[in-house]
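End of the sequence shown sits at 294 in this note's numbering; the numbers just go up one at a time, nothing left out. For each residue, glycine too, the CB sits at the ideal point set by N, CA and C.
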Amino acid sequence: MNNKFDYNLIKTLVLVYETRSMSKSAQALGISSPTLTYALNKLRDYYDDPLFIKSVKGLKATPLANQLYPSFKNIDEEISHSLMVSTDDSPEISNVIIRTNTMIEYYLIDKLLKNSKFPKELNFTFNNRIMLEDQRSTALVSREVDIDIGSAIRHNHSFISTKIAQSRIVGLCRKGHPRIKNQLSDKQWMAEEHIVLSSAETSAYLPEKLYGLSHQRNIRYKSNSLINMLYCIEKSDAVMFFPAFLLKHIPVHLGVRSVEIPWMEEDTLDIYAYIHSKAKNDERLEWIIQLLKE
Numbered sequence: 001m002n003n004k005f006d007y008n009l010i011k012t013l014v015l016v017y018e019t020r021s022m023s024k025s026a027q028a029l030g031i032s033s034p035t036l037t038y039a040l041n042k043l044r045d046y047y048d049d050p051l052f053i054k055s056v057k058g059l060k061a062t063p064l065a066n067q068l069y070p071s072f073k074n075i076d077e078e079i080s081h082s083l084m085v086s087t088d089d090s091p092e093i094s095n096v097i098i099r100t101n102t103m104i105e106y107y108l109i110d111k112l113l114k115n116s117k118f119p120k121e122l123n124f125t126f127n128n129r130i131m132l133e134d135q136r137s138t139a140l141v142s143r144e145v146d147i148d149i150g151s152a153i154r155h156n157h158s159f160i161s162t163k164i165a166q167s168r169i170v171g172l173c174r175k176g177h178p179r180i181k182n183q184l185s186d187k188q189w190m191a192e193e194h195i196v197l198s199s200a201e202t203s204a205y206l207p208e209k210l211y212g213l214s215h216q217r218n219i220r221y222k223s224n225s226l227i228n229m230l231y232c233i234e235k236s237d238a239v240m241f242f243p244a245f246l247l248k249h250i251p252v253h254l255g256v257r258s259v260e261i262p263w264m265e266e267d268t269l270d271i272y273a274y275i276h277s278k279a280k281n282d283e284r285l286e287w288i289i290q291l292l293k294e
């Protein structure tokens with residue numbers, strides 16, 4: 001073991017251990033893969049141990065890496081906490097970055113505005129970029145986002161999850177639809193034209209039965225904009241699925257209505273909020289999550 005240790009390498013071991021991926025760790029650190037390899041090799045030289053070994057499921061930590069991780073994790077969290085301590089007593093407006101789809105964004109902002117709860121000391125930035133599950137995890141690990149709201153992410157000890165909603169799924173169509181009454185059978189659902197949320201996680205939200213015959217559905221419009229989707233529903237005979245808990249937040253001037261889907265009455269749409277474990281004491285994020293659960 002060498003005597004000189006580069007403390008910048010602490011973050012390297014923590015991220016590689018948590019992601020088990022060189023590419024994800026490099027992305028989270030904002031460096032190139034060769035640079036990360038160089039940093040990891042410095043750690044290997046210092047401890048005279050490979051630390052991580054390639055396997056079919058990604059990088060596998062050696063016994064020494066397993067031993068080092070808890071201590072390195074604590075040091076990394078202490079450094080992050082110290083950096084957040086401000087000596088300036090003047091009030092600051094902080095920015096909270098939330099990754100979610102436009103449905104949840106609309107839901108949160110509507111609750112803030114209707115209840116006069118929009119705090120003056122907080123700014124909100126919403127990231128509606130379509131992300132796969134691994135990309136969502138990386139964005140949380142790298143602190144690119146403060147809160148991720150969406151479908152379930154595979155368990156990761158670096159994240160804290162909170163279920164914010166478990167909702168029935170209903171259909172949405174325009175008032176005065178020529179064929180749809182109060183219910184939608186599976187046969188009629190498949191016969192209608194569809195409007196779909198463009199999201200990499202949409203299939204994770206919904207029961208498999210909605211996608212079993214997806215190649216037969218006539219999808220006329222895909223969008224990442226909830227308002228545009230609702231407008232198209234109002235102006236056409238298309239249908240879309242919709243979480244029941246959001247119905248009361250649809251603008252009253254839109255001529256749309258909900259329709260029961262009996263063949264999905266036992267299914268639910270589950271939505272979770274994720275924050276990084278380092279942010280577990282962040283009162284801003286806890287306040288937002290509790291507001292979403294109300």
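Cβ neighbour criterion (16 or more within 10 Å) applied to residue i
i	result
GLY150	buried
ASN8	exposed
LYS60	exposed
ILE130	exposed
GLU18	buried
PHE118	exposed
PRO243	buried
GLU78	exposed
GLU192	buried
LEU64	exposed
LEU246	buried
LEU174	According to the sequence shown, residue 174 is Arg rather than Leu. The residue in question, ARG174, is buried, as its Cβ has 16 or more Cβ neighbours within 10 Å.
Proximity of residue i and residue j at Cβ, strictly below 8 Å
i	j	result
THR162	ILE289	yes
ASN224	ASN74	no
MET264	ILE169	yes
GLY171	ILE261	yes
VAL145	LEU15	no
VAL259	ILE160	no
LYS222	VAL196	yes
Span separating the alpha-carbon of residue i from that of residue j
i	j	result
ASN281	GLU121	18 Å
PHE72	MET190	54 Å
ASP237	GLN183	15 Å
MET229	PRO178	19 Å
TYR69	ILE10	9 Å
TYR231	LEU254	7 Å
SER32	ALA26	6 Å
ASN41	PHE124	40 Å
LEU269	ALA165	8 Å
PRO91	ASP186	Residue confidence is low: PRO91 scores 44 on pLDDT, short of 50, so the model does not pin down where it sits. No coordinate-derived value is stated.
ILE109	LEU226	13 Å
LEU113	GLU283	20 Å
CYS46	HIS194	Here the sequence assigns Tyr to residue 46, which means Cys is not the residue at that position. Computed Cα separation, rounded: 59 Å.
LEU29	TRP287	28 Å
LYS318	LYS235	Since the first residue of the chain shown is 1 and the last is 294, residue 318 is not available in this structure.
PHE67	LYS248	What sits at residue 67 in the sequence shown is Gln, not Phe. So the alpha carbons of these two residues sit roughly 51 Å apart.
ILE271	PHE5	43 Å
THR100	GLU266	25 Å
ALA295	VAL56	Here the chain covers residues 1 to 294 and nothing more, so residue 295 does not appear.
GLY58	MET22	9 Å
ASN156	VAL96	22 Å
PHE126	PRO34	32 Å
Expected contact under 8 Å - CB spacing of residue i and residue j to nearest Å
i	j	result
ILE275	LEU285	5 Å
LEU43	LEU13	6 Å
ILE147	ILE98	5 Å
ILE219	VAL256	Actually they do not touch by this definition, with Cβ atoms about 18 Å apart.
SER277	SER137	Actually they are not in contact, since the Cβ atoms of SER277 and SER137 sit about 13 Å apart, beyond 8 Å.
**Cβ pair count under 8 Å reaching 3, the region 42-56 against the region 98-107** = no
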